[in-house]
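Q: Protein sequences, first through last, are from chains U and D. So the first sequence is residues 4 to 377, counted in the numbering used here. So the second sequence is residues 4 to 377, counted in the numbering used here.
Number of protein chains: 2
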Amino acid sequence: MVAGKRRAPSIKDVARKAGVSVSTVSRYLNGGRNLSDGKRKVIAEAVKDLNYRPNTIARALVSNEFQSIAVIATDISLYGSMQLVQGIELAARRRHYLVTVTLVGNGHEMVKETVDQLIQNRPVGCIILDVERSSLLHSFAGYIAQSLPTVIVDEADLASGSLLIGAYEGGYQITKYLLRLGHKTVFHVSIPENGNKYTRSLGWRRALEEVGAPIEEPLSCTWDFRKAEQIGRYLCSFPEVTAIFAGNDEVAAGVIRGILLEGKKVPEDVSVAGFDGNPIGEVTVPSITTWRQNFQGIGAKAVERLAHWPDSDDRPEANGSKSGKVDDGTHKASEEEEPDLDQLQQSRAMGDEQVSSRLIIRESTAPPQSGRGR
Amino acid sequence: MVAGKRRAPSIKDVARKAGVSVSTVSRYLNGGRNLSDGKRKVIAEAVKDLNYRPNTIARALVSNEFQSIAVIATDISLYGSMQLVQGIELAARRRHYLVTVTLVGNGHEMVKETVDQLIQNRPVGCIILDVERSSLLHSFAGYIAQSLPTVIVDEADLASGSLLIGAYEGGYQITKYLLRLGHKTVFHVSIPENGNKYTRSLGWRRALEEVGAPIEEPLSCTWDFRKAEQIGRYLCSFPEVTAIFAGNDEVAAGVIRGILLEGKKVPEDVSVAGFDGNPIGEVTVPSITTWRQNFQGIGAKAVERLAHWPDSDDRPEANGSKSGKVDDGTHKASEEEEPDLDQLQQSRAMGDEQVSSRLIIRESTAPPQSGRGR
DNA sequence: CTGAAAGCGCTTACAG
DNA sequence: CTGAAAGCGCTTACAG
């Protein structure tokens with residue numbers, strides 16, 4: 004089945020077949036500037052006949068840059084991270100980058116090993132996901148950034164310019180919505196660790212502050228959603244709890260379950276809202292009000308940041324394109340620059356507010372019962 | 004922040020610093036056979052001082068093999084695929100492979116482009132996920148297999164030797180379980196497309212055949228889980244429907260919602276079981292009986308298949324190790340072979356039945372109400 | 001045990 | 001517009 008060690012045709016083979024020099028073929032491959040139509044044609048033919056593809060590895064060796072984006076995460080098994088990865092991949096491939104995924108766990112030594120190896124692969128840049136969940140990885144962010152353009156996708160620190168933020172607005176809006184419904188205040192069950200740092204939590208707090216609503220410290224959940232169930236049971240024993248904002252949809256589901264198991268009703272007795280927009284919330288009973296995050300957009304934005312990194316080759320320049328694209332047959336030079344602009348445009352359009360992030364109102368939230376919530 | 008174009012130390016730098024030839028350093032890096040202790044020591048020191056890491060790209064150029072595993076999928080946003088990717092990454096990194104993720108959508112031309120580029124990266128092998136959901140990708144599987152060791156992780160065709168199967172047993176067991184509960188038969192709502200080919204469906208069918216239970220053709224759901232809700236509504240209008248096996252947990256949630264919305268009860272009126280073991284099923288109301296798939300194990304197994312590919316360099320050989328590991332400080336040659344054996348062992352232990360796949364019984368299933376189901 | 005040389009597939013100045 | 005040469009960082013025979 005496998006072609007084994009049979010090497011693919013090289014630029015030499017193309018040159019020989021086309022009767023030109025290797026340099027000329029290379030020129031053809033890189034934009035076709037300064038090339039007679041005759042050569043262009045004969046090379047195009049040879050490329051096609053041989054089904055030639057430039058060896059990306061060799062290119063990477065010369066340029067000291069492998070056209071890839073390295074994603075580093077502690078875990079990609081949650082809805083959000085997974086969507087982010089998907090968004091990164093989609094955006095990356097538009098730019099002909101390959102996406103690499105590396106999970107780092109515990110053990111300082113291993114992380115350094117892993118990270119060093121990654122750096123040796125010379126990706127165009129690195130995207131770190133969910134640092135908040137691993138202080139270890141977080142501590143390596145700086146180390147990585149020393150060698151590679153690095154974007155941290157997280158929402159832990161609103162102040163830091165190096166982070167991509169998406170959730171503050173969502174936390175704010177969802178809390179406002181609950182308040183508008185007539186709830187005196189909104190309780191918060193945060194996703195694991197650093198509940199006070201997540202921007203969704205900051206948005207929640209801000210919304211409460213604005214109207215002078217009482218603010219209880221968030222209850223912190225774990226990734227074991229049965230903990231959310233316990234929290235739900237606990238919270239609904241307080242009559243003043245009429246509205247709960249959960250850090251994500253799974254936690255919301257757990258909280259709802261806890262409430263229901265206590266014999267109370269959602270949303271009649273307690274309203275519960277989730278976060279992220281996990282499709283599962285559409286078919287639970289009750290279905291879950293949530294803030295849909297545009298994860299794919301955020302992923303794409305991270306990629307664009309790397310693509311437009313200040314020190315990179317991205318600066319508008321008139322010489323050869325680096326796209327590494329091979330034109331089979333019809334050769335259309337000078338189209339190379341356009342995608343860049345498109346992307347930039349798109350990146351800007353996304354701004355800091357994600358295009359299609361929005362509140363999705365479902366069954367789990369409603370006005371407080373009369374006589375309650377005050 | 005970024006070190007820009009400053010090149011990392013190369014093997015030349017190490018050689019110069021250590022006062023030996025490049026070949027000698029290379030020998031050191033590749034296992035240290037035929038090396039005097041003196042040289043070994045001085046090189047180790049230079050490596051450490053320079054914080055040298057061999058350039059994986061250069062290595063890949065020489066060996067015509069980049070130490071990576073390419074995952075190709077149409078979508079990784081479902082629980083199962085995501086777990087698979089995670090399992091692949093974990094296993095791959097134990098072997099010092101980098102994992103690459105590529106999503107292929109529609110458009111024949113683009114897929115060929117993408118796949119060709121991937122092949123040019125010369126990964127050690129390729130893992131194709133979920134072919135069943137994209138006949139397009141499926142049609143490329145053969146093309147890819149011509150150039151690379153390829154493993155298809157899917158469950159579409161029990162007969163084909165090239166597929167990794169995991170779900171037949173699960174479908175069988177979960178159906179048996181429902182039957183043992185006293186249900187006369189079990190209806191099946193399959194995940195999208197080719198419901199008849201999924202092995203979980205085959206297992207379901209086999210279990211029914213064994214006891215001569217009536218077999219209704221599976222109802223096919225889509226990835227929009229509201230469709231599952233409709234199916235649930237529809238199915239529970241038939242009194243003979245007392246047990247439903249859904250193709251996955253999200254579909255089960257949707258089916259359950261449909262049933263509840265019709266005013267029936269789960270599991271009192273209808274039992275519903277899911278599949279996969281998505282943690283969300285733990286906190287829905289009712290919580291969902293399911294078959295937990297050992298996705299990570301399957302992913303690891305796919306990686307091991309590639310690592311032990313017949314034509315690869317894996318065959319036991321006494322010469323240099325290819326592990327690409329740099330020993331900083333303490334140099335322990337000859338330890339290189341051991342991981343291989345470990346892994347092999349583990350791979351075999353996993354066999355065709357996944358280690359920790361098992362039935363998880365929760366609230367959504369129960370014996371049929373008396374007077375029903377017969 | 002050790003080093004000089006050639007080569008992996010490409011790109012990049014440098015001459016024409 | 002075109003080609004010969006050098007070089008990217010490593011490994012692999014080949015001589016000693």
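We put the beta carbon where it would ideally sit given N, CA and C, even for glycine.
Per DSSP, arginine 361 (chain D) is paired with what?
A: Mapped onto the second sequence, residue 361 (chain D) falls at position 358. D:Arg295, per the DSSP bridge assignment.
Q: How long is the line joining the alpha carbons of proline 342 (chain D) and asparagine 58 (chain D), rounded to whole angstroms?
A: The residue given as residue 342 (chain D) occupies position 339 in the second sequence. The residue given as residue 58 (chain D) occupies position 55 in the second sequence. Interpretation of proline 342 (chain D) is limited by its pLDDT of 31, a score under 50 that renders its predicted location unreliable; no figure is taken from the coordinates.
Q: I'd like to confirm something about arginine 96 (chain D): is its beta-carbon nearer than 7 Å to some heavy atom of the ligand MG, or not?
A: Of the ligands one can find in the structure shown there are none, so the ligand MG has no counterpart to examine.
Q: Mind checking whether serine 367 (chain D) and isoleucine 291 (chain D) have CB atoms under 8 Å apart?
A: For this step, residue 367 (chain D) is matched to residue 364 along the second sequence. For this step, residue 291 (chain D) is matched to residue 288 along the second sequence. In this structure, isoleucine 291 (chain D) lies closer than 8 Å to serine 367 (chain D) by Cβ.
Q: Of the choices U:Val114, U:Lys115, U:Gln149, whose alpha-carbon is the least far from that of glycine 128 (chain U)?
A: Start at 1 with the first residue of the first sequence, and residue 128 (chain U) comes out as number 125. The shortest C-alpha separation from glycine 128 (chain U) is found at U:Gln149.
Q: For serine 24 (chain U), I'd like the list of residues in its chain whose CB is within less than 8 Å of its CB, leaving aside the five on either flank, ordered along the chain.
A: Taking the first residue of the first sequence as 1, we reach residue 24 (chain U) at position 21. Excluding residues within five positions, the ones whose Cβ falls inside 8 Å are Ala18.
Q: Does the beta-carbon of serine 359 (chain D) have 16 or more other beta-carbons within 10 angstroms, so that it is buried, or is it exposed?
A: For this step, residue 359 (chain D) is matched to residue 356 along the second sequence. So serine 359 (chain D) counts as exposed.
Q: For chain D, find out if any of its Cβ atoms is closer than 8 Å to the Cβ of phenylalanine 69 (chain U); answer yes or no.
A: Mapped onto the first sequence, residue 69 (chain U) falls at position 66. Answer yes: the Cβ-Cβ gap between phenylalanine 69 (chain U) and chain D drops below 8 Å somewhere.
Q: Starting from serine 274 (chain D) and walking both ways along the alpha helix (DSSP H), at which residues does that stretch end?
A: Numbered from its first residue, the second sequence carries residue 274 (chain D) at position 271. Where serine 274 (chain D) is concerned, there is no enclosing alpha helix (DSSP H), although the beta strand (DSSP E) it sits in stretches over 274-276.
Q: Is there contact between the segment 85-102 of chain D and the segment 300-308 of chain D, where contact requires at least three CB pairs shorter than 8 Å?
A: yes
Q: Whose CA, out of U:Glu116, U:Ala276, U:Arg56, U:Gly35, lies closest to the CA of lysine 115 (chain D)?
A: Stepping through the second sequence from its first residue, residue 115 (chain D) is reached at position 112. Selected option, being the one with the closest Cα: U:Arg56.
Q: Within 8 Å of any Cβ in chain U, is that where the Cβ of leucine 238 (chain D) sits?
A: On the second sequence, position 235 is the one that residue 238 (chain D) refers to. By this cut-off, leucine 238 (chain D) is not an interface position.
Q: Would you call serine 71 (chain D) buried or exposed, if buried means 16 or more other Cβ atoms sit within 10 Å of its Cβ?
A: On the second sequence, residue 71 (chain D) is found 68 positions in, with the first residue counted as 1. The residue in question, serine 71 (chain D), is buried, as its Cβ has 16 or more Cβ neighbours within 10 Å.
Q: When you compare only the Cα positions, how much space is there between valine 107 (chain D) and serine 274 (chain D)?
A: Position 104 of the second sequence, counted from the first residue, corresponds to residue 107 (chain D). Position 271 of the second sequence, counted from the first residue, corresponds to residue 274 (chain D). So the alpha carbons of these two residues sit roughly 37 Å apart.
Q: At the level of alpha carbons, what is the spacing between arginine 96 (chain U) and proline 126 (chain U)?
A: In the first sequence, counting from the first residue as 1, residue 96 (chain U) sits at position 93. In the first sequence, counting from the first residue as 1, residue 126 (chain U) sits at position 123. Straight-line Cα distance between these residues: approximately 14 Å.
Q: Which residues bound the alpha helix (DSSP H) around glycine 257 (chain D)?
A: Walking along the second sequence from the start, residue 257 (chain D) turns up at place 254. Looking at the DSSP string, the run of the alpha helix (DSSP H) that includes glycine 257 (chain D) is 252-264.
Q: Can you name the residues that DSSP bridges to valine 74 (chain D)?
A: For the purposes of this step, residue 74 (chain D) is taken as residue 71 along the second sequence, with counting starting at 1. In the DSSP output, where bridge partners are listed per residue, valine 74 (chain D) has D:Val104, D:Ile130.
Q: Round the Cβ separation of arginine 229 (chain D) and valine 269 (chain U) to the nearest angstrom and send it over; I've been treating them as touching at under 8 Å.
A: Along the second sequence, read from residue 1 onward, the residue named residue 229 (chain D) stands at position 226. Along the first sequence, read from residue 1 onward, the residue named residue 269 (chain U) stands at position 266. Contact flag wrong, Cβ pair sits at about 20 Å.
Q: Please list the residues of the segment 220-239 of chain U that have a C-beta atom closer than 7 Å to any C-beta atom in chain D, keeping them in chain order.
A: Phe228, Arg229, Ala231, Glu232
Q: Taking DSSP as the reference, what is the three-state secondary structure of aspartate 157 (chain U)?
A: Position 154 of the first sequence, counting from 1, holds the residue named residue 157 (chain U). Correct three-state label for aspartate 157 (chain U): coil.
Q: Looking only at its chain, what residues have a beta carbon closer than 8 Å to the beta carbon of leucine 53 (chain D), apart from the 5 residues adjacent to it on each side?
A: Walking along the second sequence from the start, residue 53 (chain D) turns up at place 50. Correct list, in chain order: Pro12, Asp16, Val17, Lys20.
Q: When the Cα of valine 288 (chain D) is compared with those of U:Ile301, U:Ile259, U:Gln299, which residue comes out closest?
A: In the second sequence, counting from the first residue as 1, residue 288 (chain D) sits at position 285. The option with the nearest alpha carbon to valine 288 (chain D) is U:Ile259.
Q: What first and last residue would you give for the beta strand (DSSP E) that runs through isoleucine 247 (chain D)?
A: Here residue 247 (chain D) is taken as the residue at index 244 of the second sequence, counted from 1. Counting along the chain, the beta strand (DSSP E) containing isoleucine 247 (chain D) begins and ends at 246-249.
Q: For methionine 85 (chain U), count the other beta carbons within 10 Å of its own beta carbon; 16 or more makes it buried, fewer makes it exposed. Which is it?
A: Numbered from its first residue, the first sequence carries residue 85 (chain U) at position 82. Flag for methionine 85 (chain U) reads buried.
Q: Between isoleucine 194 (chain U) and chain D, is the shortest Cβ-Cβ distance under 8 Å, so that the two count as touching?
A: Position 191 of the first sequence, counting from 1, holds the residue named residue 194 (chain U). It does not: the Cβ of isoleucine 194 (chain U) has no partner Cβ on chain D nearer than 8 Å.
Q: Output needed in chain order: residues of the segment 277-309 of chain D with a Cβ under 7 Å from some Cβ in chain U.
A: Correct list: Pro282, Ile283, Glu285, Val286, Thr287, Val288.
Q: I need the boundaries of the alpha helix (DSSP H) containing serine 26 (chain D), first residue and last residue.
A: Taking the second sequence and counting its residues from 1, the one referred to as residue 26 (chain D) is at position 23. Segment 25-32, the alpha helix (DSSP H) holding serine 26 (chain D).
Q: Could you tell me the distance, in whole angstroms, from the CA atom of alanine 246 (chain U) to the CA atom of valine 189 (chain U)?
A: The residue labelled residue 246 (chain U) in the question sits at position 243 within the first sequence. The residue labelled residue 189 (chain U) in the question sits at position 186 within the first sequence. C-alpha separation (whole angstroms): 5 Å.
Q: How big is the Cα-Cα spacing for tryptophan 294 (chain D) and valine 244 (chain D)?
A: Numbered from its first residue, the second sequence carries residue 294 (chain D) at position 291. Numbered from its first residue, the second sequence carries residue 244 (chain D) at position 241. In a straight line, the C-alpha of tryptophan 294 (chain D) is about 21 Å away from that of valine 244 (chain D).
Q: Look up leucine 222 (chain U) in the DSSP assignment and say whether it is helix, strand or coil.
A: Within the first sequence, residue 222 (chain U) is the residue found at index 219, counting from 1. It is a strand residue.
Q: Which residues in the same chain have their Cβ closer than 6 Å to the Cβ of leucine 222 (chain D), if we skip the five residues on either side of it in sequence?
A: Mapped onto the second sequence, residue 222 (chain D) falls at position 219. Excluding positions up to five away in sequence, the list reads Val192, Ile234.
Q: Contact criterion: CB-CB distance below 8 Å. Does arginine 365 (chain U) meet it with respect to chain D?
A: As a first step, residue 365 (chain U) is located in the first sequence; it is residue number 362 there, counting from the start. Taking Cβ atoms only, chain D never reaches closer than 8 Å to arginine 365 (chain U), which makes this a no.
Q: Would you mind telling me which residues of chain D sit closer than 9 Å to glutamate 253 (chain U), beta carbon to beta carbon, in chain order?
A: Numbered from its first residue, the first sequence carries residue 253 (chain U) at position 250. Neighbours of glutamate 253 (chain U) on chain D, chain order: Pro282, Ile283, Val286.
Q: How about leucine 151 (chain U) and isoleucine 194 (chain U): do their beta carbons lie closer than 8 Å?
A: As a working mapping, residue 151 (chain U) is identified with position 148 in the first sequence. As a working mapping, residue 194 (chain U) is identified with position 191 in the first sequence. In this structure, isoleucine 194 (chain U) does not lie closer than 8 Å to leucine 151 (chain U) by Cβ.
Q: Figure out for me which residue from U:Lys187, U:Asn251, U:Leu211, U:Arg30 has the closest Cα to the Cα of glycine 83 (chain U).
A: Along the first sequence, read from residue 1 onward, the residue named residue 83 (chain U) stands at position 80. Nearest of U:Lys187, U:Asn251, U:Leu211, U:Arg30 to glycine 83 (chain U), Cα basis: U:Asn251.
Q: Please list the terminal residues of the continuous alpha helix (DSSP H) segment that includes serine 84 (chain U).
A: By one-based count along the first sequence, residue 84 (chain U) stands at place 81. Element bounds for serine 84 (chain U): 82-97.
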